[in-house]
Amino acid sequence: TVGADVSLPAISNGWRPSVGAHYERTDIAGELDNKLRLDGRLTSPQKEDEKAWALSYLADQQRIADGPVNNRQALIASTSYTMRRIDNLVAPSRGYVASAELGAGLRGVINEESLVRTVAHVTWLKPFDRRWLAVLRGQVGQVFGASRDTVPGDLLFRAGGDQSVRGYAFNSLGVAQNGAVVGGRVMAVSSAELVYNITPQWGAALFTDAGNAADAW
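Count along the sequence shown starting at 1, add 1, and that's the number in my numbering.
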């Protein structure tokens, strides 16, 4: 992966514009992707109630096994809202973080089909005495309208890995296609965890995760 982001000076109301360009090549679970993403973003100054507006162009070349290359691209406008009610923005131990994102792209010169994409995520942390911490996490997402074959991979959903469903390889859960695993149009992940802090820096945890990505619920 290679990329760059440029954050510009805040405008009069404190909102901060930024632009970015990223290229990524991935080879995961039998799917090879060359991805390009260009973003323009406007972010509010408040971290406790952070809002953002973005316009993004995404393009990728998808190849599965020795099959033909599938070229996909999209132009999508999106808005997001993140609510942070935590005791520390860097290393929280109490409170919750909830976020929601809505994006849409119209059929036309770039998009083969109209699409709407929604994602919601919440993490809740609750300490018990000085050493115990409970963590609950949930995430759900869906792409409406466009078929999977026309939507760039970064707009689809996969699961698996240490920030998703632990015990499964990174992004190894999704839609089976010709011996590979590819992104799906829906996704749901949940997690419950109980942490015992042995020292301020080290702890042990018991957890259970569940989730998957698919083409339909």
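All C-beta atoms in this analysis are idealised placements derived from N, C-alpha and C, irrespective of residue type, glycine included.
CB-CB length for residue i against residue j, believed under 8 Å
i: G204; j: V196; result: 5 Å
i: I65; j: E113; result: With 8 Å as the limit, I65 and E113 do not qualify as a contact, their Cβ atoms being about 19 Å apart.
i: G175; j: V190; result: Rounded, the Cβ-Cβ distance is 12 Å, inconsistent with contact.
i: D150; j: N71; result: 7 Å
i: R108; j: V144; result: The pair is not a contact, with the Cβ atoms about 14 Å apart (cut-off 8 Å).
i: E194; j: V141; result: Between V141 and E194 the Cβ distance is about 18 Å, and since that is not below 8 Å, they are no contact.
Where residue i falls, given that 16 or more other Cβ within 10 Å makes a residue buried
i: F158; result: buried
i: Q202; result: exposed
i: P46; result: exposed
i: R138; result: buried
i: V3; result: exposed
i: R132; result: exposed
i: D1; result: Absent from the structure is residue 1, since the part of the chain shown begins at 2 and ends at 218.
i: L228; result: Only positions 2 to 218 of the chain appear in this structure, which leaves residue 228 out of reach.
i: S148; result: exposed
i: N172; result: buried
Rounded C-alpha distance that separates residue i from residue j
i: A160; j: A214; result: 6 Å
i: S19; j: D50; result: 19 Å
i: A105; j: A170; result: 30 Å
i: P153; j: L126; result: 34 Å
i: V182; j: I29; result: 8 Å
i: A78; j: L56; result: 4 Å
i: P93; j: D163; result: 18 Å
i: D130; j: L9; result: 44 Å
Extent of the continuous beta strand (DSSP E) run through residue i
i: W133; result: 133-145
i: T83; result: 71-87
i: A11; result: Per DSSP, A11 belongs to no beta strand (DSSP E) and is neither H nor E.
Contacts around residue i, its chain only, beta-carbon distance under 6 Å, and the 5 residues preceding and following it disregarded
i: A60; result: L37, Q74
i: S115; result: L107, R108, G146
i: T27; result: D34
i: A101; result: Y82, A121
i: H23; result: G4, R38
i: E25; result: T2, K36
Beta-carbon proximity list for residue i, same chain, < 7 Å, skipping 5 on both sides
i: L43; result: W16, P18, A53, W54
i: G96; result: R86, I87, D88, L126
i: S48; result: This sequence places Lys at residue 48; Ser is not what is there. Here the set comprises R85, L90.
Contacts around residue i, its chain only, beta-carbon distance under 8 Å, and the 5 residues preceding and following it disregarded
i: G168; result: D210
i: I111; result: Y58, Q74, A75, L76
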